[in-house]
Each structure stands twice: as structure tokens, then as C-alpha cells.
Amino acid sequence: GSLSVGELADKLNKESSEIIKKLMNLGVMATINETLEAETIELIATDYGVAVEQEEVVDELDIDNYVEQDDPAKLQERPPVVTIMGHVDHGKTTLLDSIRHTKVTSGEAGGITQHIGAYQVEENNKLITFLDTPGHAAFTTMRARGAEVTDITILVVAADDGVMPQTREAINHAKAAEVPIIVAVNKMDKEGANPDRVMQELMEFQLVPESYGGDTIFVNLSAINGEGIDELLEMILLVAEVEDFKANPDKRARGSVVEAELDKGRGPVATLLVQNGTLHVGEPIVVGNAFGRIRAMVDDLGRQVKSAGPSKPVEIIGLNDVPQAGDPFVVFEEEKKARQIADARKSRAKDAERAQTSKINLDDLFSQIQENDMKEINVIVKADVQGSVEALRGSLEKIEVEGCKINIVHAGAGAIAESDVILASASNAIIIGFNVRPDVNAKRTADAENVDLRLHQVIYNAIEEIETAMKGMLDPVY
Ligand code: GDP
């Protein structure tokens, strides 16, 4: 059924402002009296751990925060997903190329290396997936979008250069993501190579090799001549074995976008990394805010494939739009459902964007009235005593400038609280305070949400300010 924000708050035993805040975080702008869609109610309820009948819908709509429950009996080992990070010029790209060229799955001829953003190699009959964009920028962009795809980080440090600024950054990023680090001491073929110095320097970052009593794996190698690469791959498999990466190949797939672009001939093209389940050609899919049916899949050797299991990267076509790196994807049973959910996500994203950009503000109120053909300005009134509240409300409600009026969303006595600011943000209102101030939380939220707070000690000034702003005659404040 449908509920208003206030009714939902009652049912959950929460303050309306808290619900409004949660909705805002989901990109839904709602006022207390607004009726919520069933899907939205479920999202909020699930957030509070309250079960709602049509649970499945929630899980699929809220694909960013979906937590999977797999039957342990169905879990199978999956290849580790590895990202290479390190300082510029320390050899990340060379290492990625060199691993690929020495290790491309032999025996399966016919393929031509394709750069799809990730590739797989085989070592001791086991697969390893490498993300092909070196550096922590890609890693962090994906993480910022909620994609936790990397299982193991290779930290490349040039033996002739040692720890540099981006080495430190890479360490911090890997640590923040709680991803195990293997150190690859590169350029061992060079004259000035000094792997001991690299070890010493890295100990400051708690990356301590076994020989010094720690548990970080160090591999000395040369990306140029290939020395040490086999050892590195073996070490990756060793870490993978310890970490015990698993997935359930026997279910509908989900995972993340590695990269995507608009191809002139083929339309939107996206490289997906399957993180759980198995992806099949022909399946309806939601990818970020895009959706479609997978028309074809190509692997990193340019071969057409019909399915892709856990940790396998594939390039797909068939989407209606270009998603972004780090976007989650989910496969659905029916295309109709996929379309619905993609549409819901898209409008949610749009609402969030609109809320971000177009907050009402006295400084350019006049142009906002003109541009949006506004007939009402939403205002929240707070004053020290009820008498002042009523006086302000009365005067404000009389204002009319060329057909545009003031609509009092909320009025009350007392300091400006965070809940007032949240309400203002959700209903795109200006807050007028008379002989009151915002408390610390209210001030912080107002700054974050771009809510215009106007404080006055004279009622007449409060009225005049808004009236002048509506006429476009307010002096700019510097
Ligand atoms: P990235 O910026 O970390 O991706 O570094 P690159 O892979 O582009 O390498 C930077 C430079 O170092 C290039 O000129 C490479 O040829 C060189 N280089 C990379 N690995 C090695 C190595 O193992 N030995 C030597 N001598 N040079 C290397």
C-alpha cells in the first residue's frame, strides 16, 4: 500500500525528519505529507531492518547496497581480481603488458588480444584476472561508486627509485579498501637497483617482509626481461588461496562495470566484471542507470562467448545507454522488470542532481522565479516566541509579487534545528529566523544542503528582504 512520509515515520517509530533525511540520501526529495511509492517505502523499511512483504523488489532496486546471501554449499573457488598500483614510471603498464604477453592462455588459439579493460591469464592451471587500467585513480573511482572489485593489489616500486609520493598514495588506497598488498620490486635489471632500500622504506608503512618477521610478500622482478613474473603470479595464487575467494556460479549474475564507451558502430559498449553468478547472452540486464538485453559478449581475446562466470571480464553490447566505470550491474529474469528498475534509478539520479543544483536562494530569487515560472516560494518560519511566529506568518502570507506568493511550509517557536533544515532542503524552502539562531547541526546541514538561512531581529526587515528579493531588487551581499 502507499503511505505518507509522516505515516511511515510513525510506523517505524522514527522522527519524520530522520525519514526525510534517509530519503534524501537515496536521492528522493519528499515532504512530510508526500505519498511514497511502495518501492521507496520498502527501501526505507529495509534500511531499518524491517521486513516488508515484497522483499525481492527492494533487493533488486537497491542494487548498490545489495548484500548477497549465498548457500555456502554452492560456493566455488573463483579467480582473484588484481589491480596494479604504484608511482608513475615505476613500470605498471610494462608489467601488465609483460604478464599478458608471456601468459596469454596457450592452446586456445584464434584469439587476438583485445583491450577491454581487464584480462585473464593462466598460471599452474588457475586463472588470474587483471584490471588493465593501472594506478589508483581508476581503483578509487570505482570504489567511490561502490564497486569493490579488487581482491589483491600489486604495489609496483622501482628498485632504482624507491618509495615515491604515489607509492604512498597507493598504499593508503589499498589499506582503506582493506585489500591485501603484494610488493613487486621492479627494474631489478637496472644498474642502480637496490631492493633492500625499497624494503627498508616500505617497513615504515607496515609492509614488512617475512625475512624481517612480517607477512608482506615481496617479489623482485623485471617487467622488461620477464624475470620474476612467474614468481609474482604464484604469489598471487598463494594469497588467493589464503583469502579463499569464492562465488556461486549457479545464479543470475551481478558485478561491476570496468569501463564503458559509446562505439560508433555498435552503440554503448561496456566491459563487465562478473562478481557473482554467471552472465549469459540474451539476458535482460540493468547496468547503472542503463538497461538492455545482452546481444553479444566478447572476451579479452576477442572471442565470442555465450556465458561468463565469476571474475570473468567480458565486453557486452545491447545497452540503451553508456554506464560509468564502477556502476553495478544486475541480471533480471524479465526485460520489463529491468526496464522499470533502470527507469526508477534514472529518475532517482535526476532528482538527486536537481536537488543538488537548484536550491532556492534569496540572492537570485528573482531569476529563479522567472526561469521556473514559480507561483509560490516555500518558506519555513522560526521565531523566539509564538506571537512573533504568527506575526511573521501573517505578514509573509500577504506578500504577492506579480502572481508569486509565499507558502509557509512550517512555522514554529524555537531555535532552528537540523530537522527544520532537512525539511527546507526536501521542500526547497528558505528558512527565516526571527530572534533565533541555528544550532551547530542545523548550520552544518544547511551548508551541506545549500539551504538559505536568513536571520533577523526586526520583523519588518525580514518581510522587506524577501519582498525585495522577489522583485529582483535585492542588493547582492558580498
Ligand atoms: P608506469 O607509468 O608505471 O605505467 O610505467 P611504465 O610501464 O610506462 O614504465 C616507465 C618506463 O620504465 C618505461 O620506459 C619502461 O620501459 C621502463 N621500465 C618498466 N619496467 C622496467 C624494467 O623492469 N626494467 C627497466 N630497465 N625498465 C623498465
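Per UniProt numbering, the very first residue in the sequence shown carries number 46; after that it's consecutive. Beta carbons: idealized from backbone N, C-alpha and C, even for Gly.
By DSSP, does M209 sit in helix, in strand, or in coil?
coil
Taking just the CA atoms, how far does T185 sit from E462?
What sits at residue 462 in the sequence shown is Ala, not Glu. Those two C-alpha atoms are separated by around 35 angstroms.
Inter-residue spacing [alpha-carbon to alpha-carbon] between S62 and G457
15 angstroms
Please go through the UniProt region "G-domain" (125–273) and give each complete beta strand (DSSP E) segment of 3 or more residues, from N-terminal end onward.
Every beta strand (DSSP E) of 3 residues or more that sits fully in the UniProt region "G-domain" (125–273) is shown, in chain order, as 126–131, 163–168, 171–176, 197–203, 226–231, 262–265.
For the beta strand (DSSP E) that contains M515, what are its first and last residues?
Counting along the chain, M515 falls outside any beta strand (DSSP E), though it belongs to the alpha helix (DSSP H) covering 504–516.
Starting from E63, follow the alpha helix (DSSP H) in both directions and report where the run begins and ends.
In the DSSP assignment, E63 falls within the unbroken alpha helix (DSSP H) covering 61–70.
Using only CA atoms, which one of A204, T76, R311, D366 lies nearest to V331?
D366
Would you list, in sequence order, the uninterrupted alpha helix (DSSP H) runs of no fewer than 4 residues that lie entirely inside the region 382–446?
410–417, 431–443
Can you tell me whether G259 sits near the ligand GDP, meaning its C-beta is under 7 angstroms from at least one heavy atom of the ligand?
no
What whole-angstrom Cβ distance do V201 and N231 have, given they're in contact under 8 angstroms?
Going by Cβ atoms, the distance from V201 to N231 rounds to 5 angstroms, so yes, they are a contact pair.
Pairwise C-alpha distance: A215 and T195:
13 angstroms
Buried or exposed: where does K427 fall if 16 or more other Cβ atoms within 10 Å of its Cβ makes it buried?
buried
Sorry if obvious, but does the Cβ on A268 come closer than 7 angstroms to a heavy atom of the ligand GDP?
yes
Report the partner residues of R499 according to the DSSP bridge assignment.
I477
Please report the straight-line C-alpha distance between T212 and M248, rounded to a whole angstrom.
13 angstroms
Could you have a look at T76 and say whether DSSP puts it in helix, strand or coil?
coil
CB of T138 to nearest heavy atom of the ligand GDP: below 7 angstroms?
yes
On a CA-only basis, which of S464, D497, K516 is nearest T76? Give me that one, please.
S464
Count the other C-beta atoms from every protein chain shown that fall within 10 angstroms of the C-beta of E101, then say buried if there are 16 or more, exposed otherwise.
Because E101 carries a pLDDT of 40, less than 50, the predicted location of this residue cannot be relied on, and no value is offered for it.
Residues bridged to K450 by DSSP?
Paired residues: E421, E445.
Answer with buried or exposed for A394, where buried requires no fewer than 16 other C-beta atoms within 10 angstroms of its C-beta.
exposed
Between the region 283–291 and the region 334–349, can you find at least three pairs of beta-carbon atoms closer than 8 angstroms?
no
I'd like the list of long-range same chain contacts for A491, defined as Cβ closer than 7 angstroms, with 5 residues on each side in sequence excluded.
V466, P483, L498
Which of the three DSSP states, helix, strand or coil, is assigned to K291?
strand
Length of the line joining the Cα atoms of E105 and I511
Residue placement at E105 is flagged as unreliable, the pLDDT there being 45, under the threshold of 50; the coordinate-derived value follows with that caveat. Taking the straight line joining both Cα atoms gives about 45 angstroms.
Rounded to the nearest angstrom, what separates N265 and S256 at their Cα positions?
14 angstroms
Please report how far the alpha carbon of P124 lies from the alpha carbon of I405, in whole angstroms.
51 angstroms
Rounded separation between E193 and T178 - CA only
15 angstroms
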